[in-house]
Amino acid sequence: MATQEESKLDFFLQWLKVNKVELRGCKIEYCDSTKGFGIFSSDDVNNDGILLVVPLDLAITPMRVLQDPLLGPECSAMYEEDDVDDRFLMILFLMLERLRKKSTWKPYLDVLPTTFGNPLWFNDDELLELKGTTLYRATELQKQKLQFIYNDKVEMLVKRLLDLDGDSESKVSFEDFLWANSIFWTRALNIPLPRSYVFPGNHEPQDSTLSSNGSSGNHTYNEELTSKNGEKRLELKGVESQAAAISSSSVQDETAWVEGLVPAIDFCNHDIKASATWEVDGTGLTTGVPLSMYLLSVDQSSQPAKKEISISYGDKGNEELLYLYGFVVDNNPDDYLMVHYPSEAIQNVPFFESKLQLLEAQKGDMRCLLPRSLLCQGLSEASGKQKESSISGTASHVCSYSWSGQRKLPSYIGKLVFPEKFMASLRTIAMQEEDIYRVSSLLEELVGSREERQPSDTEVQAAIWEACGDSGALQLLVDLLNMKMMDLEEASGTEAADTELLQQANNSEECVNLFSLDRNGANISSDEKTFSRNKWSSIVYRRGQKQLTRLFLNEAEQALQLALSEGN
Numbered sequence: 027m028a029t030q031e032e033s034k035l036d037f038f039l040q041w042l043k044v045n046k047v048e049l050r051g052c053k054i055e056y057c058d059s060t061k062g063f064g065i066f067s068s069d070d071v072n073n074d075g076i077l078l079v080v081p082l083d084l085a086i087t088p089m090r091v092l093q094d095p096l097l098g099p100e101c102s103a104m105y106e107e108d109d110v111d112d113r114f115l116m117i118l119f120l121m122l123e124r125l126r127k128k129s130t131w132k133p134y135l136d137v138l139p140t141t142f143g144n145p146l147w148f149n150d151d152e153l154l155e156l157k158g159t160t161l162y163r164a165t166e167l168q169k170q171k172l173q174f175i176y177n178d179k180v181e182m183l184v185k186r187l188l189d190l191d192g193d194s195e196s197k198v199s200f201e202d203f204l205w206a207n208s209i210f211w212t213r214a215l216n217i218p219l220p221r222s223y224v225f226p227g228n229h230e231p232q233d234s235t236l237s238s239n240g241s242s243g244n245h246t247y248n249e250e251l252t253s254k255n256g257e258k259r260l261e262l263k264g265v266e267s268q269a270a271a272i273s274s275s276s277v278q279d280e281t282a283w284v285e286g287l288v289p290a291i292d293f294c295n296h297d298i299k300a301s302a303t304w305e306v307d308g309t310g311l312t313t314g315v316p317l318s319m320y321l322l323s324v325d326q327s328s329q330p331a332k333k334e335i336s337i338s339y340g341d342k343g344n345e346e347l348l349y350l351y352g353f354v355v356d357n358n359p360d361d362y363l364m365v366h367y368p369s370e371a372i373q374n375v376p377f378f379e380s381k382l383q384l385l386e387a388q389k390g391d392m393r394c395l396l397p398r399s400l401l402c403q404g405l406s407e408a409s410g411k412q413k414e415s416s417i418s419g420t421a422s423h424v425c426s427y428s429w430s431g432q433r434k435l436p437s438y439i440g441k442l443v444f445p446e447k448f449m450a451s452l453r454t455i456a457m458q459e460e461d462i463y464r465v466s467s468l469l470e471e472l473v474g475s476r477e478e479r480q481p482s483d484t485e486v487q488a489a490i491w492e493a494c495g496d497s498g499a500l501q502l503l504v505d506l507l508n509m510k511m512m513d514l515e516e517a518s519g520t521e522a523a524d525t526e527l528l529q530q531a532n533n534s535e536e537c538v539n540l541f542s543l544d545r546n547g548a549n550i551s552s553d554e555k556t557f558s559r560n561k562w563s564s565i566v567y568r569r570g571q572k573q574l575t576r577l578f579l580n581e582a583e584q585a586l587q588l589a590l591s592e593g594n
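The sequence shown begins at 27 in this note's numbering and counts up one residue at a time.
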């Protein structure tokens, strides 16, 4: 007797066939309750390495939503008033189709996951495992925003649309909206389409808001959750807030990048060493199917049958992977640390008005992302090697102004791993009163009496460095990193304690299924004595944050000692 999962899969495969999807060298199979469904190689792989072909007419895109007989008219009016964005349209579509009793999308929606491993789905105890990290506060803010959007726009709209569809009985809940939101963010791709396909008949809008950068992987992640530009206080590497008005494609030459969900392709899970990539065939010359997306094997030699076919979601740190997709990579080589100076704290520093003007003049950054890969270029790495005679990265300090050269170039300049624009902001914040007067004097000497002449951002940066050097900025950076470490350790203990917890998890029989990398992120049922998948992911993520904080703090402390000893 077929299991429920097998019955759903069989119905879905029939639906794919009706919609002209071709499984040429792969099969879609159910893995387990943790991973859900995945794509596996089959015995009949073609020599061209094409595994799967999906007509793009099947993709869920903003264009499809606006053309939908039920949802389109309502969304078109909201869209024209700039009341919603492209992503909201697709999330609304997913939610509505899941609730409709006679949805033509039911076979696809039934095989999608119902729970997720991202923090929006954590219970209270699991969320506490993230306390002290950027994700903890970001998750709270995002859930509040999604709840507001649901109350303000979604609930009554979906009820009205269901009524129009002849269904006045279905219950509408916030969990339905949260599900649709998670489905979109875990499965959407950035698809390069011919502009004529996106805007048929040259009906391209004059003020197109379609603006995502193209990518061969999933949609760009550039999340900052409180406000735009320099005022943001919480940043996650990647997407502007999921609740913000963000567009999803950009028209460049003859290609428009459009976000969308592509059924079947979206069952590929993630692996750092991907076994396949996806491509778009606009003409049909590659696949024989014009305007299609196809899955292409990286290694076109014969692959063992029933090997899972994976793609790479890109070089993403655990903060991004956990927040968007609901999983982490232990010892992730692409992990990063975000360090920021709270913008509201500037008003408490001496002479903050003058410093704000200088920050604005030099377009300074109040935050920086520090990838793990930077450490191989730093002082700790260089200390064990013979020092190079050439100094790289000195351009920001070597200028031809009349007052240049009074301050000696530091010995560490080619090995400082912290971004110059962030360091420039910290120098400005750390300036003493006499430094401000010195900067003013240097800039006056540079521009002379010409009132219309304003110093450039590079000139302002150079004057500030000449006036005060690096020691104040580096001390401030050390303080910021110490505060970050204190927040992390006060909430969840030390890095060593996390390592011990993970070792216990690895030795636990209940955790054998915790570590697969997939976009479904379903949690294993557990009691207080077992490790849930969500808890394991949280500990891996926060331990990585503690490790990176410790390593970058060491870099900052070494640079500070050198700066002080050299008079910088």
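Ideal Cβ placement from N, Cα and C applies to all residues, glycine included. Remember, predicted model here, so these are calculated numbers, not experimental data.
Exercise. Go to residue 567, then tell me how far its alpha helix (DSSP H) extends in each direction, as first and last residue.
Key: Residue 567 sits at position 541 when you count from the first residue of the sequence shown. It spans 559-591 - the alpha helix (DSSP H) in which residue 567 sits, taken as one unbroken run.
Practice problem: Please go through the same chain and pick out, in chain order, the residues whose beta-carbon is closer than 6 Å to the beta-carbon of residue 131, but skip the five residues on each side of it. | Solution: Taking the first residue of the sequence shown as position 1, residue 131 is located at position 105. Once the five neighbours on either side are set aside, the close Cβ partners of residue 131 are 123.
Quiz item: Hey, quick one: how far does the beta strand (DSSP E) through residue 283 stretch, first residue to last?
Solution: On the sequence shown, residue 283 is found 257 positions in, with the first residue counted as 1. Per DSSP, residue 283 belongs to the beta strand (DSSP E) from 281-286.
Self-check item: Where residue 398 falls, given that 16 or more other Cβ within 10 Å makes a residue buried
Solution: The residue given as residue 398 occupies position 372 in the sequence shown. Buried: at least 16 other Cβ atoms inside 10 Å.
Quiz prompt | Where residue 123 sits in the DSSP three-state scheme | solution = Here residue 123 refers to the residue found at position 97 of the sequence shown. Residue 123: helix per DSSP, three-state reduction.
Quiz prompt | Exposure of residue 202, with buried meaning 16 or more beta-carbon neighbours within 10 Å | solution = Reading the sequence shown from its first residue, position 176 is the one you call residue 202. So residue 202 ends up on the buried side.
Quiz item: Where residue 212 and residue 350 are concerned, what is the direct C-alpha to C-alpha distance, given to the nearest angstrom?
Solution: One-based indexing of the sequence shown puts residue 212 at position 186. One-based indexing of the sequence shown puts residue 350 at position 324. Those two C-alpha atoms are separated by around 6 Å.
Quiz item: What did DSSP end up calling residue 498 once you bin it into helix, strand or coil?
Solution: Here residue 498 refers to the residue found at position 472 when the sequence shown is read from its first residue. Residue 498 falls in the helix class under three-state DSSP.
Quiz prompt | Coil, strand or helix - residue 473 by DSSP | solution = Numbered from 1 along the sequence shown, position 447 holds the residue referred to as residue 473. If DSSP states are grouped into helix, strand and coil, residue 473 belongs with the helices.
Exercise. Please state whether DSSP places residue 100 in a helix, a strand or coil.
Key: The residue given as residue 100 occupies position 74 in the sequence shown. The answer is helix: DSSP assigns residue 100 an H, G or I state.
Self-check item: Residue of 439, 380, 585 minimising C-alpha distance to residue 458
Solution: For the purposes of this step, residue 458 is identified with residue 432 of the sequence shown, where counting begins at 1. Per the Cα distances, 380.
Self-check item: Where the alpha helix (DSSP H) containing residue 617 begins and where it ends
Solution: Residue 617 lies beyond the range of the chain shown here (27 to 594); nothing can be said about it.
Practice problem: Report all residues from its chain with a CB closer than 8 Å to the CB of residue 567; omit the five preceding and five following residues, and keep chain order. | Solution: Here residue 567 refers to the residue found at position 541 when the sequence shown is read from its first residue. Excluding residues within five positions, the ones whose Cβ falls inside 8 Å are 156, 159, 161, 344, 345, 348, 354.
Quiz item: I think residue 450 touches residue 469, with their Cβ atoms under 8 Å apart; what is that distance to the nearest whole Å?
Solution: In the sequence shown, counting from the first residue as 1, residue 450 sits at position 424. In the sequence shown, counting from the first residue as 1, residue 469 sits at position 443. Their Cβ separation, rounded to whole angstroms, is 14 Å, which puts residue 450 and residue 469 out of contact at 8 Å.
Quiz item: Hey, is residue 178's beta-carbon within less than 7 Å of any beta-carbon in chain B?
Solution: Protein chains in the displayed structure number just one, and chain B is not present.
Quiz item: What are the start and end residues of the beta strand (DSSP E) that includes residue 349?
Solution: Against the sequence shown, residue 349 aligns to sequence position 323. Looking at the DSSP string, residue 349 is not in any beta strand (DSSP E), and its letter there is neither H nor E.
Self-check item: Simplified DSSP assignment, three categories, for residue 381
Solution: As a first step, residue 381 is located in the sequence shown; it is residue number 355 there, counting from the start. Correct three-state label for residue 381: helix.
Practice problem: Give the secondary structure of residue 160 by DSSP, where H, G and I count as helix, E and B as strand, and everything else as coil. | Solution: In the sequence shown, the residue the question calls residue 160 occupies position 134. Helix.
Practice problem: Measure the beta-carbon distance from residue 283 to residue 216 and round it to whole angstroms, keeping in mind my assumption that it falls under 8 Å. | Solution: As a working note, residue 283 is residue 257 in the sequence shown. As a working note, residue 216 is residue 190 in the sequence shown. Sure, about 5 Å apart at Cβ, within 8 Å.
Quiz prompt | Between the CA atoms of residue 209 and residue 143 - distance to the nearest angstrom | solution = For the purposes of this step, residue 143 is taken as residue 117 along the sequence shown, with counting starting at 1. For the purposes of this step, residue 209 is taken as residue 183 along the sequence shown, with counting starting at 1. Rounded to the nearest angstrom, the two C-alpha atoms are 12 Å apart.
Quiz item: Below 7 Å between beta carbons: does that hold for residue 38 and residue 334?
Solution: Position 12 of the sequence shown, counted from the first residue, corresponds to residue 38. Position 308 of the sequence shown, counted from the first residue, corresponds to residue 334. Not a contact, by the Cβ cut-off of 7 Å.
Quiz prompt | residue 303, DSSP secondary structure in three states | solution = For the purposes of this step, residue 303 is taken as residue 277 along the sequence shown, with counting starting at 1. Strand, per DSSP.
Quiz item: What are the boundary residues of the alpha helix (DSSP H) that residue 88 is part of?
Solution: Mapped onto the sequence shown, residue 88 falls at position 62. Where residue 88 is concerned, the enclosing alpha helix (DSSP H) stretches over 88-93.
Self-check item: Cβ-Cβ separation, residue 136 to residue 34 (assumed contact under 8 Å), whole Å
Solution: Position 8 of the sequence shown, counted from the start, is the residue given in the question as residue 34. Position 110 of the sequence shown, counted from the start, is the residue given in the question as residue 136. Right, the Cβ-Cβ distance comes to about 5 Å (below 8 Å), so this counts as a contact.
Quiz item: With burial defined as no fewer than 16 other Cβ atoms inside 10 Å of the residue's Cβ, what is the status of residue 48: buried or exposed?
Solution: Taking the sequence shown and counting its residues from 1, one reaches residue 48 at position 22. Buried.
Self-check item: Beta-ladder partner(s) of residue 37, from DSSP
Solution: Residue mapping note: residue 37 aligns to position 11 of the sequence shown, counting from 1. According to DSSP, which records beta bridges pairwise, residue 37 is partnered with nothing at all.
Quiz prompt | Same chain, Cβ closer than 7 Å to residue 223, five either side skipped, listed in chain order | solution = For the purposes of this step, residue 223 is identified with residue 197 of the sequence shown, where counting begins at 1. These residues qualify, in order along the chain: 317.
Quiz item: By the 10 Å Cβ neighbour count, where 16 or more other Cβ atoms means buried, how is residue 463 classified, buried or exposed?
Solution: Position 437 of the sequence shown, counting from 1, holds the residue named residue 463. Exposed, since its Cβ has fewer than 16 Cβ neighbours within 10 Å.
Practice problem: Inspect the beta-carbon positions of residue 500 and residue 387 and report whether they are closer than 7 Å. | Solution: Here residue 500 refers to the residue found at position 474 of the sequence shown. Here residue 387 refers to the residue found at position 361 of the sequence shown. Not a contact, by the Cβ cut-off of 7 Å.
Self-check item: From 374, 584, 112, residue whose alpha carbon lies closest to that of residue 286
Solution: For the purposes of this step, residue 286 is taken as the residue at position 260 of the sequence shown. Selected option, being the one with the closest Cα: 112.
Quiz item: Applying the criterion that 16 or more other CB atoms from any shown protein chain within 10 Å of the CB defines a buried residue, is residue 570 buried or exposed?
Solution: On the sequence shown, position 544 is the one that residue 570 refers to. Buried.
Quiz item: At which residues does the alpha helix (DSSP H) containing residue 152 begin and terminate?
Solution: Along the sequence shown, one-based indexing puts residue 152 at 126. From DSSP, the alpha helix (DSSP H) with residue 152 extends over 150-154.
Exercise. Please work out which residues of its chain come closer than 7 Å, Cβ to Cβ, to residue 385, disregarding the five sequence neighbours upstream and downstream, and give them in chain order.
Key: As a position in the sequence shown, residue 385 is number 359, starting the count at 1. 451, 454, listed in sequence order.
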